[in-house]
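Engineer: If you read the sequences in order, they're chains A and B.
Counting from 1, one number per residue, gives the positions in the first sequence under our numbering.
Counting from 1001, one number per residue, gives the positions in the second sequence under our numbering.
Just passing along the structure, written as structure tokens.
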Amino acid sequence: MRAGTILRTVWLIVAVGFMLLPVYAMLVVASAPDDTDLRGLVFNGFHLPENIRVLFGEGNLPTYLRNSLILCVGTGALDVLFSAAAGYAMAQLSFPGRRVLFALVIGTLALTPMVLVIPVFLIVKELGWVNTFQGMMVPGMISAFGVFLVRQFALGIPKELLLAARADGAGEFRIFARIAVPLLKPALITLFLVHFLGQWDNLLWPLIVANEQELWPLPVGLANFQSEVGFTYHLTTTAALVTAVPPFILMVALQRYYVAGLTFGGLKR
Amino acid sequence: MSVLGRVRARPQATAGVLGRGRARPEATAGVALTLPVAVFFVVFWLVPFLAAIYLSFTDYEMAGTPNWIGLANYERMFADPGFLNSAWITVVYTVCTVVPTIVLALLVAVPLSRPGRLNRGLRALVMIPAVMPLAATSMVWVIIYSDRGLANTLLGLVGIDPQSWLTSSDLAIWALVVMVVWKSMGLFVIILTAGLQALPGEVYEAAAIDGSGAVTTFTRPTLPLLRRTLLFVLVISVAGSMQAFVPAFLLTGGGPADATQVLPYYIWANAFPYEHMGYAAAMGMVLLAAMVIVSALQFGFLKGGDE
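As structure tokens, this is what we get:
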């Protein structure tokens, strides 16, 4: 029994150590003064601040960072707004077309982006949105996941609350804004986080729709990093580290919601 | 007439009338609140989906107009070595990422889900790789796989010669697989740990009283109870692997010699750089069909055990 506990502990520490090793190697190489040591095992001084300064001074990293933030915060906020409205209505209000809409939302959950990118690109081209922010943002603005998440959560709002508010003469939109939204807050935070993290890592769509460097978000910028400051391994790693920081901060601040988002659908409800 | 009919149909006439009086603003609000989402899904999901089906039966090449060519794209696919190669690589890539990821994640999650201060700390650390963006992860692994990188350094410790991971057509696909297993493992450890922690504690007490060892406790109460979470992890990891584009794009560019040209990469390359949009749409349809069939099989397989 005692031997089992020790064995288990050793295994866990070794396993988690291996899971962290690449992250540690990233920190080491990102802090290196040059490209001579790429093993990523031993710190050779701590030049991370200088490396970041070089990237922000000479490269386009600030532009990519700004574009990613606009993209993620913008579409995240819109997704939260529209999914909150639709998810609440689909859970709590009866209106014509509700079932059709629900089928449409569920159906899209199964579709792969590889099928949709071609026609969506043609639509965006038709709208004249190639190489624009709206072209990058609008097609990925609302997710079936978001509508579904909010709907499942909104099913738990007690009917009596809404009935009481109606009896007091509150209008439907007021009930939504004043009663439903506050109750849905945990689901909406989860949705924003999941949306932000997904969009932060979205390479395929910006790659297709944005050819101008001025518009590139971080993943596309990283993919073209060689042509930036002259390809150096340690500066590429520093750029990767900078890319990883905002999701990390959000995850630390909103850990509970992150786990809730990951496990949504996986646990018994 | 219809109002009368409705009132008569309901025993509590007043409630019915009141209900109808309320139903109107409720319906208006329902439509108004869902309208943006409905329009969005029609324009950016339903119409494109139908358009993709149509395009898959045409020779559309971006310039010019689409001409209907029937099943020609689908026939072409099965004589196209590029497609057959990509399909095979996708199968290998999916199986070899999904199975080790889930097995390893379970081996970590089961002991990690136990209470204790050390475990709580380790659970927090596991989130770090899970939250790393895939684009950043890929750039880091380019360094790890470089000639003087971490992978060759670790091999050197056990006396194996350095390898050119990303430029050898034998090794490149395995280099991608190892990175993806690492990347998804963190995510799945978190999901499985949450699933394990949600299991009722009495089950384990009963197993302990029965004197079950670690292995029997795992195979008897734990594994069946965890079926739902496992199914979820399996479905999302298979779907994720079948659609994976980023690792091949960032680490190897589909090369060397098409050795890592997974199907999503081949579809993208045909559609955008080469503008064979009709053909690419047809391949997208085949990928979608494969994904639907595989998910249905997984649900059938894991649900079947319930009876």
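Glycine included, each C-beta is placed from N, C-alpha and C at the ideal position.
Computed from a predicted structure; not experimentally measured.
Between the beta-carbon of VAL29(A) and the beta-carbon of THR237(A), is there less than 8 Å?
Structural biologist: Contact: yes.
Engineer: Within the 8 Å Cβ cut-off, does VAL1117(B) reach chain A?
Structural biologist: Per the sequence presented here, residue 1117(B) reads as Arg, with Val not at that position. Output row for ARG1117(B): interface = no.
Engineer: For THR1137(B), which option in PHE1249(B), GLY1284(B), TYR1266(B) has the closest C-alpha, if you only look at C-alpha atoms?
Structural biologist: Per the Cα distances, PHE1249(B).
Engineer: Residues of chain A with a CB under 7 Å from the CB of TRP1088(B): which are they?
Structural biologist: By Cβ distance, chain A contributes nothing, its closest Cβ being about 17 Å from TRP1088(B), past 7 Å.
Engineer: Note the first and the last residue of the continuous alpha helix (DSSP H) segment covering ALA239(A).
Structural biologist: It spans 233-253 - the alpha helix (DSSP H) in which ALA239(A) sits, taken as one unbroken run.
Engineer: So GLY76(A) contacts chain B; which residues on that side make the cut at Cβ distance below 9 Å?
Structural biologist: None at all; the shortest Cβ gap to chain B is about 15 Å.
Engineer: Please name the residue in MET90(A), THR108(A), THR5(A) whose C-alpha comes closest to that of VAL961(B).
Structural biologist: Because chain B in this structure spans residues 1001 to 1307, residue 961(B) falls outside the shown range and cannot be described.
Engineer: With a cut-off of 8 Å, does the C-beta of LEU267(A) fall near any C-beta of chain B?
Structural biologist: Unreliable placement is indicated for LEU267(A), whose pLDDT of 43 sits below 50; the coordinate value is still reported in the next sentence. True, the Cβ-Cβ gap to chain B drops below 8 Å.
Engineer: Could you tell me which residues DSSP puts in a beta bridge with ALA1310(B)?
Structural biologist: Lying before the first or after the last residue shown, residue 1310(B) is absent from chain B, which here runs from 1001 to 1307.
Engineer: Taking 8 Å as the threshold (beta carbon to beta carbon), is GLY1195(B) in contact with chain A?
Structural biologist: It does; some Cβ of chain A falls within 8 Å.
Engineer: For SER1169(B), would you say it is in contact with chain A, using Cβ-to-Cβ distances shorter than 8 Å as the test?
Structural biologist: No - not a single Cβ of chain A is within 8 Å of the one on SER1169(B).
Engineer: So which residues on chain B does GLY171(A) lean against when the C-beta distance must stay under 9 Å?
Structural biologist: Ordered by position in chain B, the residues that pass the 9 Å Cβ test against GLY171(A) are PRO1025, ALA1029.
Engineer: State yes or no: is the beta carbon of ARG2(A) nearer than 8 Å to at least one beta carbon in chain B?
Structural biologist: So, not an interface residue.
Engineer: At least one CB of chain B closer than 8 Å to the CB of MET19(A): is that the case?
Structural biologist: Yes, because at least one Cβ of chain B sits closer than 8 Å to the Cβ of MET19(A).
Engineer: Any idea what DSSP makes of ALA1259(B), helix, strand or coil?
Structural biologist: DSSP places ALA1259(B) in coil when its eight states are reduced to three.
Engineer: Kindly indicate which residue of PRO1224(B), ALA1135(B), TRP1141(B), GLY1278(B) has the alpha-carbon position closest to the one of ASN224(A).
Structural biologist: Nearest option by C-alpha distance: ALA1135(B).
Engineer: Closer than 9 Å by beta-carbon distance: list the chain A residues that pair up with GLN1243(B), in chain order.
Structural biologist: THR112, PRO113, MET114, listed in chain order.
Engineer: Using a Cβ cut-off of 8 Å (strictly closer), state whether VAL1092(B) contacts chain A.
Structural biologist: For VAL1092(B), the answer is no, since every Cβ of chain A falls outside 8 Å of its Cβ.
Engineer: Looking at the structure shown, is GLY4(A) part of a helix, part of a strand, or coil, going by DSSP?
Structural biologist: GLY4(A) falls in the helix class under three-state DSSP.
Engineer: I want to verify the contact list: residues of chain A whose CB lies under 7 Å from the CB of MET1285(B), in sequence order.
Structural biologist: Those within 7 Å of MET1285(B) in chain A are VAL115.
Engineer: Which ranges does the alpha helix (DSSP H) cover as unbroken runs of at least 4 residues, wholly within the stretch 1117-1178 of chain B, from first to last along the chain?
Structural biologist: For the stretch 1117-1178 of chain B, whole alpha helix (DSSP H) runs of length 4 or above, ordered along the chain, are 1117-1131, 1134-1144, 1150-1157.
Engineer: Below 8 Å between beta carbons: does that hold for ALA144(A) and VAL120(A)?
Structural biologist: No; because the gap between Cβ atoms is not below 8 Å, this pair is not in contact.
Engineer: According to the neighbour-count rule (16 or more other Cβ atoms, all chains shown, within 10 Å of its Cβ), is LYS1183(B) buried or exposed?
Structural biologist: Classification of LYS1183(B): buried, given that the 10 Å Cβ count is 16 or more.
Engineer: Quick check: what's the CA-CA separation for VAL16(A) versus LEU1122(B)?
Structural biologist: If you take the alpha carbons of VAL16(A) and LEU1122(B), they lie about 7 Å apart.
Engineer: Please report the Cβ distance between GLY171(A) and PRO1025(B), rounded to the nearest whole angstrom; I am assuming they are in contact, meaning their Cβ atoms lie under 8 Å.
Structural biologist: That belief holds up - the Cβ atoms of GLY171(A) and PRO1025(B) are roughly 7 Å apart, short of 8 Å.
Engineer: Would you say the stretch 18-32 of chain A touches the stretch 40-54 of chain A, given that touching needs at least three Cβ pairs under 8 Å?
Structural biologist: Cβ pair count under 8 Å is three or more, so yes.
Engineer: Determine the chain B residues that contact THR237(A) at a beta-carbon separation under 8 Å, and present them in chain order.
Structural biologist: Within 8 Å Cβ-Cβ: MET1139, VAL1140, ILE1143.
Engineer: Of all Cβ atoms in chain A, is any one closer than 8 Å to the Cβ of GLY1159(B)?
Structural biologist: No, because no Cβ of chain A sits closer than 8 Å to the Cβ of GLY1159(B).
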